[in-house]
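To keep things clear, I will list the structure first and then write my remarks on it.
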Amino acid sequence: MKPTDDDVRTDGGMFGESAVTNVTRRQQAREVVDESIVAPFKIAWSDWRTKVALIIITTFVITAVIVWLHQIGITILNDALNLVGSPWTLETPRSPTVLTPEMTGVRPFENWETPLGTFDNGVDVLSALLWATPGMLQMIIAGGVFSTAMATLVGTVSGYKGGTVETVLNTIVDVAVAIPGLPLVVVLMAIFQPSSPYVIGIFITINVWAGLARTIHSQVLSLREKSYVEASRTMGISTPQIIRKDILPNLMPYITVNFVYAARRVVYDSIALYYLGLLGGATAENWGVMLDWAYNENNAMTVPGKEFMLILPMIPIIALSLALILLSQGTDKLFNPRVRTRHEGKTVQDDDADPQVNPPM
Amino acid sequence: MNWYIKRTGQALFTIWSVITIAFVLAWNIPGSIVEKMIARMAQSGGGGSREVIRESIESRLMFDPNASIFEAYVTYMTELAQGNLGYSIVASKNVSAEIADTLPWTLLVMSLATLGMFAISLSLGAIMAYREGSRFDLANTIVGTVTTSIPYFVAALLLILWVGHSDAPILELFPEAGRRPAKYQIEPGLTLAYAWGVLRHATLPALSYIITGYGLLALSMRGNSIQTLGEDYVRVAELRGLPSRRIALRYVGRNAVLPLYTSLLLAVGSMLGASVVLEQIFQYKGIGYRMFQAINNSDITLMMGTFIVISVCMVISTFIADVTYSFLDPRIKSGDQGEAY
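These protein sequence lines are chains A and B, in that order. Quick note: this note's numbering has the first sequence finishing at residue 371, numbered continuously throughout. Quick note: this note's numbering has the second sequence finishing at residue 1523, numbered continuously throughout.
Shown next, in the form of structure tokens:
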């Protein structure tokens, strides 16, 4: 091949590599952070959807952390928590003997003791709402981490190894994709009856990882043939290291989107299961339990003036799932190569709503 | 052709795996759920001593829980192969009969929901794309995003709340519970009045799927359509002076719709799963309702039966999606690219 005039490095870049090896570890680390965290964040932040999503999610996280610290005995924001941190929550309702008429069936904004009203058994609605957040976030984290790790592991190994390993893993993935998630989760919950939010999160995402594993698999198949991966292979670098250094960084976009998708599944399914009473009876803190109480025990559906018991728990549920959808739309725009080229190349300026990889519900 | 054989084999393998998973789960049950059931039956005072109850439950399991797991598995698979899904204590009839009685109702709701959802989201998405950037587009994008964020069961509760509390006569059209008109009102049969009554009962459950599902699809349709809008043949149609609705629906819509075909059949799968919750809320006696009842009453055979049937329905719809997609879109080479879902 004849070197062209404007190609300065006629050596084909061979010797240019030495400059890179001189970079110190710290510089390298900074570069990695800049490339994989700061830059994407800046692009994501420029999109209003991601902005809204991050604001909502941050609010939930802060609430959850404060409540969680309160639950394990560390109280910050004492005054604020006196309002919301009353012990009369779903887990520990007031005993019927101390219930006075002022404590039960209070409508919202009637007094400052219970700003959002109470259930018929005296449980403060605002406390119950807030106290449900840590559990929900724990489930989301467990489910997201589990499904992402599982998918990445299965996807990369099957894509990179090939052969029998690939066939076996792909078959497992195909089966897992085809099993309907909710019925399986319902059966599993009925049999094992877990109570830890982490276990529940993992159970719910028990087949969510399969879709991502398939995507990662096909990505790895094409990455495997890339010249730089082949170069690493020829240089005798070990397989785990190639996967870690050359393959994984390219998969980050899919992993992020999947995390959001898994989180959404956890929100939907856990609330549905709590509502049905399949999880932890009616004692664990959850917005689904509140819906169940409102519907089945307080007759919020039929008694006029009690609708707030039903509507109030719906607000955080919808807010959280809206944030997750906006986040997935925003990050999708950032990561999805197809959408990105459309943004750069064509006349289209703003197309939200890229086809989701996953089914809507 | 080879691909079709491979795909069929895969579907059959998946079905076999699902059944095996159901068996393994059920094999783990007798320790816990049978005990619970014995306790419950002993409490209600029916059927004599614990041992008698245990025997009667175990006799209905389709396999002997005291045999080795391998033997039990063989018995179970043989029974299944003969189309026997066991006997349900809750329904006090055969599981297969019970499923044959409930599944059509769920399928009715699902087909109503799918039809409605696609009719709305496809036309809406196409029009939104055609008027990209307009106030109509923006408003619908926002509404679509928000409705998508509402879980289907929350929508169901809100619908019941709305219907139950409204005095408007039109709302009395849609009953909030049950699956068919009461017997004393309309005698079941192939009459128009009965069919209308059945449809009215299916409306609210279907509507909760539609409201919460159309948004994402409409937005996908919009995205696909915008891509198609850049094509030359659309510009030619514009130059020919064709009405804009015709261009939006016929020229753009048709080409943008193809990638959504698979999500149609996958939506069916997720609706089947969601029916466990939704039918409970509406007291709609479909397969999801039966499954939840079976779990609540520790009716293992019915639970396994419904789980297997729901899974098999889902495998079949995915299979149909995969196989027919290449017919609809000749540009895709028969699935070898594996991009179908």
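We treat Cβ as the ideally placed atom computed from N, Cα and C, and that holds for glycine.
- For glycine 340 of chain A, the closest C-alpha among the options A:Asp44, A:Pro323, A:Glu45, A:Arg59 is that of A:Arg59.
- With a threshold of 7 Å between beta carbons, glycine 191 of chain A makes contact with chain B.
- The beta carbon of isoleucine 1392 of chain B sits closer than 6 Å to those of Ala1295, Gly1298, Met1299, all from its chain and outside the five residues before and after it, given in chain order.
- Counting along the chain, no alpha helix (DSSP H) covers arginine 1361 of chain B, and no H or E run does either.
- Residue environment analysis places isoleucine 1324 of chain B among the exposed positions, since fewer than 16 neighbouring C-beta atoms fall within 10 angstroms of its C-beta.
- The beta carbons of leucine 286 of chain A and alanine 63 of chain A sit no closer together than 7 Å.
- For leucine 1421 of chain B, the enclosing alpha helix (DSSP H) stretches over residues 1414-1421.
- Between the alpha carbons of isoleucine 1235 of chain B and isoleucine 1271 of chain B lies a distance of about 12 Å.
- The beta carbon of leucine 1386 of chain B lies closer than 8 Å to those of Ala1338, Leu1341, Ile1342, Val1345, Phe1356, Pro1357, Glu1358, Phe1464 in the same chain, with the five residues before and after it left out.
- In this structure, DSSP gives lysine 1188 of chain B a helical state, which the three-state scheme calls helix.
- Among the residues facing chain B, tyrosine 284 of chain A is not included, as its CB has no counterpart in that chain under 7 Å away.
- With a cutoff of 7 Å on beta-carbon distance, threonine 1394 of chain B and tyrosine 1334 of chain B are scored as near each other.
- Of all residues in the stretch 253-282 of chain A, those with a C-beta nearer than 7 Å to a C-beta of chain B are Tyr278, Ile281, Ala282, reading in chain order.
- Within the stretch 1311-1345 of chain B, the runs of alpha helix (DSSP H) that reach at least 4 residues and sit entirely inside it are, in chain order, 1317-1330.
- Taking the Cα of alanine 1449 of chain B as reference, the smallest distance to any Cα among B:Ala1204, B:Gln1264, B:Met1292 is reached at B:Met1292.
- The bridge partners DSSP lists for serine 1250 of chain B come to none.
- Between leucine 1207 of chain B and valine 197 of chain A, the C-beta gap is smaller than 7 Å, which places the two residues in contact.
- Residues of chain A with a Cβ closer than 7 Å to the Cβ of methionine 1485 of chain B are, in chain order, Val197.
- Of the candidates B:Ile1302, B:Ile1482, B:Ile1197, B:Ile1197 places its Cα closest to the Cα of isoleucine 1492 of chain B.
- With the criterion set as a beta carbon lying under 7 Å from some beta carbon of chain A, the members of the stretch 1307-1334 of chain B are Thr1323, Thr1327, Val1328, Thr1330, Ser1331, Ile1332, Pro1333, Tyr1334, in sequence order.
- The alpha-carbon of serine 1278 of chain B is positioned some 22 Å away from that of glycine 191 of chain A.
- DSSP places tyrosine 1391 of chain B in the helix class (H, G or I) of the three-state scheme.
- Under DSSP, aspartate 134 of chain A takes part in a beta bridge, and its partners are A:Thr128.
- Counting only the Cα atoms, arginine 243 of chain A lies some 50 Å from tyrosine 284 of chain A.
- For lysine 1275 of chain B, the pairing in a beta bridge is given by DSSP as B:Ser1270.
- Aspartate 1504 of chain B: member of the alpha helix (DSSP H) spanning 1482-1510, first to last residue.
- Within its own chain, the residues whose Cβ lies closer than 7 Å to the Cβ of glutamate 1261 of chain B, once the five positions on either side in sequence are excluded, are Met1244, listed in chain order.
- For methionine 149 of chain A, the enclosing alpha helix (DSSP H) has its first and last residue at 143-171.
- With its beta carbon at least 7 Å from every one in chain A, leucine 1421 of chain B lies outside the interface.
- Residue contact check for serine 1493 of chain B against chain A: a CB pair falls below 7 Å.
- Think of a sphere of 9 Å around the beta carbon of leucine 301 of chain A: the chain B residues whose beta carbon falls inside it are Phe1335, Val1336, Leu1339, in chain order.
- For the stretch 212-234 of chain A, the set of positions with a beta-carbon nearer than 8 Å to some beta-carbon of chain B reads Ser228 in chain order.
- In this structure, B:Ile1482 is the residue among B:Gln1462, B:Ile1201, B:Ile1482, B:Ser1303 with its C-alpha nearest to the C-alpha of tyrosine 1269 of chain B.
- Think of a sphere of 7 Å around the beta carbon of leucine 179 of chain A: no beta carbon from chain B falls inside it, the nearest being about 14 Å out.
- When the five nearest sequence neighbours on each side are left out, the beta carbons in the same chain lying within less than 6 Å of the beta carbon of isoleucine 1332 of chain B are those of Thr1394, in order along the chain.
- Looking at A:Ile150, A:Leu140, A:Ile201, A:Val267, the one whose alpha-carbon comes closest to that of leucine 79 of chain A is A:Leu140.
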